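For reference, the structure is listed below as structure tokens.
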Amino acid sequence: MRKPWLFYCSLLFSSVLGVVLAISWGSEWLHVPATATAVKPDSGALAHWLQHLQEPLPRLLLQIVAVVIAAKLMGRVAQRFGQPPVIGEMLAGIFLGPSLFGLLLPETQAWLFPPASLGSLKLLSLIGVIVFLFGVGAELDLARLRQQRAQALLVSHASILLPFLLGVLSALALYRPYAPTGVGFASFALFMGIAMSITAFPVLARILRERGLMGTPLGETAIACAAIDDVTAWCLLALVIALGQAQGAGTALPTLVATVLFIAALVGLLRPRLARLRDGEASGRIVALLLFALGCAWVTEVIGVHALFGAFLAGVAVSGQRQLRELVTERIEPFAGAILLPLFFAFTGLRTQIGLLEGADWLMCTGVIAVATLGKLGGATLASRASGQGWRDALALGALMNTRGLMELVVLNIGYDLGFLSDRIFAIMVLMALATTMMTGPLLTLLKRGSAAARLQAPA
């Protein structure tokens, strides 16, 4: 054992000595002056570290750590109050923005989230939403939709049409005080209609699991309705984006035609070939699925209907293959949900300036929440009642369809990026998304208690 150690020590000593001598002789013979470091010698290690924190990568890593910790803590708090964790994560994003953190500690908030750093945060959060929507599309069970298409189609479209109509009508009152300069009434009104019509399929599914309703008639109907709602709403959103971004009918028509052709190619050509991905190593299939999702997102972004629509369509194309669907929902989507989605909530919160809202704005916010609830909950309840459900089950289904959550924030951010929404109406709509999602749990609890009380009072 001595010989290897002697050899190692000799090699180490000779190598270090050689490096020192080479640098010493080279500096003397070549007359190369010693380069000064970026930090002054008397500045100290702490100043050196703080200077490195100003660089993009350390700043982004610190933002990720802060956002994920805040999101998980607030998710735990939300669960303690009987709310889904996504409510806490949404609130954490708002709290990290100018509405709370920036109000209490403005200098610290500005140091942690300087405007120059938000571009990287936005792109990373959008990648997370792309992967997440790929998973949302993959979770859709098309076979279940075919079995329940009659009732689900009626309830889903009623819960879209009525809030869409009310959203367009509400634009008559909201356009002058809240629409950004240069946005036409048609674009603003159509987008308000879409924003009122969204149902959060992932949040709804989580609520059903937590309450033991998955697999029950109510749960099956709610899942089917929310799935149809998502598909319909995203198609309408693509249409609104195409019309809103177009300079006229001449530019809108090619966008719509290209979108239809892409969907046809996805369904007719690409979807049948996805079955080839069922075999092989999981790592290779994960890479192939991610490339497929990113490719579809790229196509729809280039067409002009937003990358998120393509990611959702890619997920729908995968949903028919059970093995691939499980790979997406169990291996790919959880990472996006745990790490990248909180960044999206934080980015949304940094845009949400609740401090801009004054007395009249709060009255308008209350009205928007009331109109959104009336349209979504009322439309789904009446349609469910017309399909033969009792009032209690119909109201429960309406409460579930009124859940907006993350999907609403995705749509609102698209509208903000496209210039359809001003800062104040964006803040109002974010508060509406929070309020309508938070009321779902208490409404279901209230209806359950009423049902139990009715059974106790019923004659034996």
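If you count the sequence shown from 1, position 207 lands on 206 in numbering that gives the first Met the number 0, and the numbers rise without skipping.
Backbone N, C-alpha and C define an ideal beta-carbon position, used for all residues, glycine too.
Only a predicted model underlies this, so the values are computations on that prediction, with no experimental measurement involved.
Under three-state DSSP, which class holds residue i?
i	result
His-156	helix
Leu-16	helix
Leu-59	helix
Gly-418	coil
Ile-262	helix
Leu-304	It should be pointed out that residue 304 corresponds to Val in this sequence rather than to Leu. Correct three-state label for Val-304: coil.
Glu-219	helix
Gly-279	coil
Phe-487	Residue 487 lies beyond the residue range present for the chain, which begins at 0 and ends at 459; the question has no answer from this structure.
Met-437	helix
Phe-6	helix
Leu-236	helix
Ala-334	As written in the sequence, residue 334 is Phe, which differs from the Ala given in the question. DSSP places Phe-334 in helix when its eight states are reduced to three.
Phe-50	Checking the sequence shown, residue 50 turns out to be Gln, not Phe. Three-state result, Gln-50: helix.
Ser-318	coil
Val-38	Model confidence at Val-38 stands at a pLDDT of 47, short of 50, so the residue's coordinates are unreliable; what they give is reported in the following sentence. In the structure shown, Val-38 sits in coil (DSSP, three-state: anything other than H, G, I, E or B).
Pro-83	coil
Leu-446	helix
Phe-481	It is not possible to answer for residue 481, since the shown part of the chain is limited to 0 through 459.
Leu-99	coil
Leu-139	coil
Leu-104	coil
Pro-113	coil
Ala-248	Only weak support exists for where Ala-248 lies, its pLDDT of 49 falling under 50; the value from the coordinates is given anyway. In this structure, Ala-248 counts as helix in the three-state DSSP scheme.
Leu-11	helix
Throw me the rounded Cβ distance for the residue i and residue j pair, which I believe falls under 8 Å.
i	j	result
Thr-436	Ile-197	Between Ile-197 and Thr-436 the Cβ distance is about 11 Å, and since that is not below 8 Å, they are no contact.
Leu-273	Leu-355	The Cβ separation is near 46 Å, so there is no contact.
Gly-127	Phe-311	Their Cβ separation, rounded to whole angstroms, is 14 Å, which puts Gly-127 and Phe-311 out of contact at 8 Å.
Gly-336	Phe-94	Not a contact, Cβ separation roughly 20 Å.
Ile-331	Gly-134	6 Å
Arg-461	Ala-432	This structure cannot settle anything about residue 461, because the visible part of the chain is limited to 0 through 459.
Leu-255	Leu-238	7 Å
Met-400	Ala-232	About 11 Å; that fails the 8 Å criterion.
Ile-240	Val-304	5 Å
Phe-346	Ser-98	Not a contact, Cβ separation roughly 14 Å.
Asp-228	Ile-159	6 Å
Glu-88	Pro-341	6 Å
Ala-393	Thr-380	5 Å
Pro-162	Met-195	4 Å
Pro-333	Arg-205	Incorrect: roughly 13 Å between the Cβ atoms, too far for contact.
Gly-92	Gly-348	3 Å
Ala-460	Ser-421	As shown, the chain starts at 0 and ends at 459. That puts residue 460 outside it, with no answer to give.
**Study point:** Segment contact flag, the segment 325–332 with the segment 282–293, C-beta cutoff 8 Å, min 3 pairs
**Key:** yes
Exercise for review: Report yes or no: do three or more beta-carbon pairs, one from the segment 198–212 and one from the segment 163–174, lie closer than 8 Å?
Suggested key: no
Review point. If you pair each beta-carbon of the segment 154–163 with each one of the segment 379–386, do three or more pairs fall below 8 Å?
Key: yes
Check your understanding: What residue ranges within the segment 179–215 form continuous alpha helix (DSSP H) runs of no fewer than 4 residues, ordered along the chain?
Key -> 184–196, 200–209
Practice item. Just list the alpha helix (DSSP H) runs in the segment 340–416, keeping only unbroken ones of 4 residues or longer that don't cross its boundaries, in chain order. Key: 340–350, 358–385, 390–400, 404–416
Point to revise | Meets three-Cβ-pair contact criterion under 8 Å: the segment 362–379 and the segment 426–442 | key: yes
**Study point:** Stretch-stretch touch, CB-based, cutoff 8 Å, three pairs: the segment 412–420 with the segment 177–195
**Key:** yes
Practice item. Determine, using beta-carbon pairs with one atom in the segment 360–368 and one in the segment 426–435, whether at least three such pairs fall under 8 Å. Key: yes
Review point. Do the segment 293–302 and the segment 110–117 meet, that is, are 3 or more Cβ pairs less than 8 Å apart?
Key: no
Practice item. Assess, as a yes-or-no matter, whether the segment 49–57 is touched by the segment 66–79 under the definition of 3 or more beta carbon pairs within less than 8 Å. Key: no
Review point. On the three-pair Cβ rule with 8 Å, is the segment 306–321 touching the segment 265–279?
Key: yes
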